[in-house]
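Chemist: Mind having a look at this structure? Questions to follow.
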Amino acid sequence: MSILLKIDRLVTQFPAEEGVIKAVDGVSLRVLQGETVCIVGESGCGKSVTALSVMGLFQGIAGADIRGSILFEDRDLLALSRHELRAVRGNEIAMIFQEPMSSLNPVLTIGEQLMEPLLEHLKLSKKEARKKAVELIEQVGISRPEQIVKCYPHELSGGMLQRVMIAMAISCRPKLLIADEPTTALDVTIQAQILDTLRRIKEESGMSILLITHDLGVVAEIADYVVVMYAGKVVEEGEVTRLFEAPKHPYTRGLLRSKPVLGQREESLYSIPGQVPDLLALSPSCYFYDRCEHGMEICRHREPALGEVGERQRAACWLYEEAKAHA
Amino acid sequence: MENVDSVKAKAIRTGSRPRRRSSLWSQALQQLLKNKLAVSGLAVVMLVAIVCFAGPLFSPYTDNKINMALMNKPPSMQHWLGTDKLGRDVLTRVMQAGRISLTVGLASMVLSVFLGTLLGAVAGYYRGIVDQVIMRVADLLLTIPGLPLLFICGALLSDWKVPTDYRMYIVMLMLSLVNWPGLARMIRGQMLSLREREFMQAAVVLGLRDRRKLFYHLIPNLIPLIIVMATLNIGGAILSESVLSFFGLGVMPPTPTWGNMIDAANNMIDFQEHPWLWIPPGVSIFATVIAINVFGDGLRDVLDPKMKR
């Protein structure tokens with residue numbers, strides 16, 4: 001399988017009154033063709049910023065500083081002109097957002113909005129685009145597509161709107177779909193349906209998915225490969241089965257421990273003590289040190305690098321560096 | 001209540017639901033019809049417009065012939081509102097003036113709304129240098145009080161001996177020029193908040209063109225606001241035109257407008273002795289402007305509830 005998207009040492013930082021906020025701090029990851037990669041992490045860990053950086057949504061925004069490279073089929077997305085970038089967006093890389101309710105224009109009908117990328121990228125005629133819009137709605141599993149195209153967003157439910165967003169995203173057969181917490185705003189039964197739809201479309205079209213979530217259930221459901229982020233850095237990555245079976249980084253372990261297990265009664269659910277560090281006051285150290293149960297002296301002074309801890313599994317933790325050093 | 005039930009019953013019988021398309025507009029209409037004041041405002045405006053545009057067709061005095069024998073005659077059976085100092089029928093002239101005043105008001109509204117929306121939308125969408133240039137020009141125009149500015153323009157026109165036939169069009173232009181900055185400011189403000197909404201980010205990731213985003217995705221969101229502003233703007237424009245014409249700096253006689261007809265009140269003798277010369281145009285202006293504003297207020301309550309004080 002060839003590499004579709006390769007993010008290399010991406011740094012995205014924003015100026016703030018008190019200093020520079022490093023929202024994404026040297027993240028490297030890759031997405032293979034036809035693969036589903038999940039970025040997991042808690043709020044503020046930089047997972048959404050990573051996705052928006054790939055889409056080039058920070059370009060031209062005052063003060064946003066983006067470094068590193070984002071290679072999409074050997075083209076550096078960060079080096080593209082506005083015009084070239086527009087031709088990629090919606091066409092080769094599509095994106096869906098967390099809130100389907102507010103991601104659609106309230107004054108345009110579903111059909112009109114679905115036709116937009118078709119008219120822009122595929123240069124279809126209005127008539128062809130309308131026909132295609134109906135087909136797309138059918139494809140994402142909404143019944144009565146002819147009526148739905150004439151509806152306004154407020155007339156549909158959140159689950160239906162998210163399907164419409166998916167239909168819009170896949171309309172130009174993109175090679176990569178970025179989904180930024182696509183199920184967070186939906187209830188659990190609808191979540192499962194949306195994930196099923198995504199998986200089915202992925203299998204039909206062979207596109208890759210970069211899914212951002214904080215929900216480990218979603219990860220287990222759909223991911224091939226998982227990237228765990230913490231405070232703007234990748235702390236662990238690996239194939240989904242291996243990562244769930246044998247998490248190496250204390251943070252990943254904490255995450256997996258803090259999710260409820262069916263059939264086990266507990267007084268209270270485990271939670272990782274402490275809080276995410278202030279992104280403004282970071283010194284060279286392991287950023288998880290304060291909250292880590294295995295904290296060592298070295299963690300306070302030196303930043304661990306991402307190293308192999310198993311087959312296709314890497315973690316950034318001194319525990320394993322130490323072990324290797326002793327071996 | 002009966003009505004709703006019968007509609008429902010019918011829908012059930014025929015097995016179809018009532019049409020729901022553009023339900024927001026029909027809802028707004030329903031709500032507007034409940035506002036008695038707004039509806040009567042609209043009725044008055046319609047009445048004035050119909051009388052002004054259709055009335056002269058039934059008048060035998062449309063040629064405006066000067067007849068010194070009929071000078072300053074009080075209302076009578078032949079001349080319902082009397083005659084003016086040149087023996088012309090006042091009622092006919094009020095109706096003809098209404099045509100001009102309403103047309104000037106409407107046309108200058110269209111132009112200023114067009115300018116205000118376009119410039120405001122572009123400024124709010126692109127921000128940066130474009131915004132700076134447009135909004136500083138708007139600020140400049142806003143700092144100069146409107147009336148003195150119009151007076152200067154009017155005086156210049158008189159000085160340059162612009163033919164009276166063209167003055168009507170130039171007055172329209174002048175009024176729009178004074179009115180667009182306020183509109184542009186309002187539209188820009190809305191645009192600044194709209195462009196950051198999530199659905200616009202979704203439009204960006206679809207790779208749409210700026211022009212498409214601006215005119216197809218953003219401006220339709222402003223239509224309720226634009227309609228309200230436009231309505232309220234007509235009243236203002238009619239008023240400004242009247243003021244200008246009253247001072248002899250707007251549309252010039254012999255072309256009648258309500259403003260230059262009230263000019264009669266400027267003259268102590270006419271003011272005291274011939275009230276039929278200035279009361280009809282005065283009442284027309286008053287009624288029309290009040291009616292438009294009342295209607296506009298009602299429209300605003302329905303379409304743009306956020307602006308309600």
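Respectively, the protein sequence lines represent chains A and B. With full-length UniProt numbering applied, the first sequence has no gaps in its numbers, which climb one by one up to 327 at the end. With full-length UniProt numbering applied, the second sequence has no gaps in its numbers, which climb one by one up to 309 at the end. Built from N, CA and C at the ideal position, the CB exists for glycine as well.
1) From I272 of chain A to Y289 of chain A, what distance separates their C-alpha atoms?
2) What residues in the region 201 to 224 of chain B have a beta carbon less than 8 Å from any beta carbon of chain A?
3) Please list, in chain order, the chain A residues whose beta carbon lies closer than 9 Å to that of R93 of chain B.
4) Look at the alpha carbon of N267 of chain B and the alpha carbon of F53 of chain B, and state the distance between them as a whole number of angstroms.
5) Where R309 of chain B and M261 of chain B are concerned, what is the direct C-alpha to C-alpha distance, given to the nearest angstrom?
6) In or out: I66 of chain B buried (at least 16 other Cβ within 10 Å) or exposed?
7) Tell me, please, which residues DSSP counts as bridged to C38 of chain A.
8) Please classify residue 384 of chain A as buried or exposed, where buried requires at least 16 neighbouring CB atoms within 10 angstroms.
9) In or out: K259 of chain A buried (at least 16 other Cβ within 10 Å) or exposed?
10) Counting Cβ pairs, one atom from each stretch, are 3 or more of them under 8 Å apart for the region 149 to 156 of chain B and the region 208 to 227 of chain B?
11) Quick check: the Cα distance between G15 of chain B and R144 of chain A, rounded to an integer number of angstroms?
12) Does the beta carbon of P145 of chain A come closer than 8 Å to any beta carbon on chain B?
13) What are the partner residues of G19 of chain A, as DSSP defines its beta bridges?
14) Just the C-alpha distance for T255 of chain B and I50 of chain B, rounded to the nearest angstrom, thanks.
15) Looking at the secondary structure, which residues open and close the alpha helix (DSSP H) in which M77 of chain B lies?
16) Mind listing the chain A neighbours of E198 of chain B? Cutoff is C-beta to C-beta under 7 Å, in chain order.
17) So which of B:L140, B:F199 and B:D263 has the shortest CA-CA distance to L214 of chain B?
18) Identify the contact partners of V107 of chain A in chain B, using a Cβ-Cβ distance below 7 Å as the criterion.
19) Between which two residues does the alpha helix (DSSP H) containing Q139 of chain A stretch?
20) Could you name the residues of chain B that M115 of chain A contacts, counting a contact when the two beta carbons are closer than 8 Å?
21) Does chain B have any CB closer than 8 Å to the CB of G159 of chain A?
22) Identify whether R314 of chain A lies in helix, strand or coil by the three-state DSSP scheme.
23) Can you check whether the C-beta of G90 of chain A is within less than 8 Å of a C-beta belonging to chain B?
24) So for V251 of chain B, helix, strand or coil by DSSP?
25) Relative to the C-alpha of L176 of chain A, which residue among A:A133, A:T252 and A:T36 is closest?
26) Look up A202 of chain B in the DSSP assignment and give the residues it is bridged to.
27) Name, please, each residue of chain B whose Cβ falls closer than 9 Å to the Cβ of A185 of chain A.
28) Starting from D65 of chain A, follow the beta strand (DSSP E) in both directions and report where the run begins and ends.
29) Report buried or exposed for Q78 of chain B, applying the criterion of at least 16 other Cβ atoms within 10 angstroms of its Cβ.
30) Within 8 Å of any Cβ in chain B, is that where the Cβ of E120 of chain A sits?
31) For M168 of chain A, does the count of other Cβ atoms within 10 angstroms reach 16, so buried, or fall short, so exposed?
32) State the Cα-Cα distance for the pair Y152 of chain A and L108 of chain A, rounded to the nearest angstrom.
33) Give the residues from the region 43 to 59 of chain A that approach chain B closer than 8 Å (Cβ to any Cβ), ordered along the chain.
34) Any beta carbon of chain B sitting closer than 8 Å to that of A129 of chain A?
35) Thinking C-alpha only, which one of B:D304, B:G296 and B:P253 is nearest V44 of chain B?
36) On a CA-only basis, which of A:V24, A:V31 and A:G56 is nearest G41 of chain A? Give me that one, please.
Modeler: Walking through what the data contain:
1) Position 272 of the first sequence holds residue 272 of chain A. Position 289 of the first sequence holds residue 289 of chain A. Computed Cα separation, rounded: 12 Å.
2) Q201, A202, A203, V204, V205, L206, G207, L208, R209, R212, Y216, H217, P220, N221 and I223
3) Translated into the one-based positions of the second sequence, residue 93 of chain B becomes position 93. The contacting residues do not exist; R93 of chain B stays about 45 Å from chain A at best.
4) Start at 1 with the first residue of the second sequence, and residue 267 of chain B comes out as number 267. Start at 1 with the first residue of the second sequence, and residue 53 of chain B comes out as number 53. Rounded to the nearest angstrom, the two C-alpha atoms are 29 Å apart.
5) Locating residue 309 of chain B in the second sequence gives position 309, counting from the first residue. Locating residue 261 of chain B in the second sequence gives position 261, counting from the first residue. Unreliable positioning characterises R309 of chain B in this predicted model, as indicated by a pLDDT of 47, which lies under 50. A coordinate reading is not provided.
6) Counting from 1 along the second sequence, the entry for residue 66 of chain B is found at position 66. Exposed: under 16 other Cβ atoms inside 10 Å.
7) Here residue 38 of chain A is taken as the residue at index 38 of the first sequence, counted from 1. Answer is A:L211 and A:V226.
8) The structure shown has nothing for residue 384 of chain A, since chain A only spans 1 to 327.
9) Taking the first residue of the first sequence as position 1, residue 259 of chain A is located at position 259. Exposed is the call here.
10) no
11) Taking the first residue of the second sequence as 1, we reach residue 15 of chain B at position 15. Taking the first residue of the first sequence as 1, we reach residue 144 of chain A at position 144. Here the model assigns G15 of chain B a pLDDT of 42, short of 50, so the residue's position is not dependable and the matter cannot be decided.
12) As a working mapping, residue 145 of chain A is identified with position 145 in the first sequence. So, not an interface residue.
13) Within the first sequence, the letter at position 19 stands for residue 19 of chain A. DSSP lists A:A16 as partners of G19 of chain A.
14) Taking the second sequence and counting its residues from 1, one reaches residue 255 of chain B at position 255. Taking the second sequence and counting its residues from 1, one reaches residue 50 of chain B at position 50. One C-alpha to the other measures close to 20 Å.
15) Here the question's residue 77 of chain B lines up with position 77 in the second sequence. Neither: M77 of chain B is in no alpha helix (DSSP H) and is coded neither H nor E.
16) Against the second sequence, residue 198 of chain B aligns to sequence position 198. Those within 7 Å of E198 of chain B in chain A are F97, E99, S102 and S103.
17) Locating residue 214 of chain B in the second sequence gives position 214, counting from the first residue. Measuring from the Cα of L214 of chain B, the nearest candidate turns out to be B:F199.
18) Position 107 of the first sequence, counted from the start, is the residue given in the question as residue 107 of chain A. By Cβ distance, chain B contributes P220 and N221.
19) Counting from 1 along the first sequence, the entry for residue 139 of chain A is found at position 139. It spans K126 to Q139 - the alpha helix (DSSP H) in which Q139 of chain A sits, taken as one unbroken run.
20) Residue 115 of chain A sits at position 115 when you count from the first residue of the first sequence. The contacting residues do not exist; M115 of chain A stays about 11 Å from chain B at best.
21) As a first step, residue 159 of chain A must be located in the first sequence, where it is residue number 159. No, its Cβ sits nowhere closer than 8 Å to a Cβ of chain B.
22) As a first step, residue 314 of chain A is located in the first sequence; it is residue number 314 there, counting from the start. In this structure, R314 of chain A counts as strand in the three-state DSSP scheme.
23) Here residue 90 of chain A is taken as the residue at index 90 of the first sequence, counted from 1. Yes, because at least one Cβ of chain B sits closer than 8 Å to the Cβ of G90 of chain A.
24) For the purposes of this step, residue 251 of chain B is taken as the residue at position 251 of the second sequence. If DSSP states are grouped into helix, strand and coil, V251 of chain B belongs with coil.
25) Residue 176 of chain A sits at position 176 when you count from the first residue of the first sequence. Of the listed residues, the one whose Cα sits closest to L176 of chain A is A:T36.
26) Reading the second sequence from its first residue, position 202 is the one you call residue 202 of chain B. In DSSP, A202 of chain B forms no bridge with anything.
27) One-based indexing of the first sequence puts residue 185 of chain A at position 185. The premise fails here: A185 of chain A is roughly 11 Å from chain B at the closest Cβ pair, so nothing lies under 9 Å.
28) Against the first sequence, residue 65 of chain A aligns to sequence position 65. Segment D65 to F72, the beta strand (DSSP E) holding D65 of chain A.
29) In the second sequence, counting from the first residue as 1, residue 78 of chain B sits at position 78. Per the 10 Å Cβ criterion, exposed.
30) The count along the first sequence starts at 1 and reaches residue 120 of chain A at position 120. Yes, because at least one Cβ of chain B sits closer than 8 Å to the Cβ of E120 of chain A.
31) Here the question's residue 168 of chain A lines up with position 168 in the first sequence. The residue is buried, with at least 16 neighbouring Cβ atoms inside 10 Å.
32) Mapped onto the first sequence, residue 152 of chain A falls at position 152. Mapped onto the first sequence, residue 108 of chain A falls at position 108. For Y152 of chain A and L108 of chain A, the distance between alpha carbons rounds to 6 Å.
33) M55 and L57
34) Counted from its first residue, the first sequence places residue 129 of chain A at position 129. A129 of chain A does not count as touching chain B.
35) Your numbering for residue 44 of chain B matches position 44 in the second sequence. It is B:G296 whose Cα lies nearest to the Cα of V44 of chain B.
36) Numbered from 1 along the first sequence, position 41 holds the residue referred to as residue 41 of chain A. The shortest Cα separation from G41 of chain A among A:V24, A:V31 and A:G56 belongs to A:V24.
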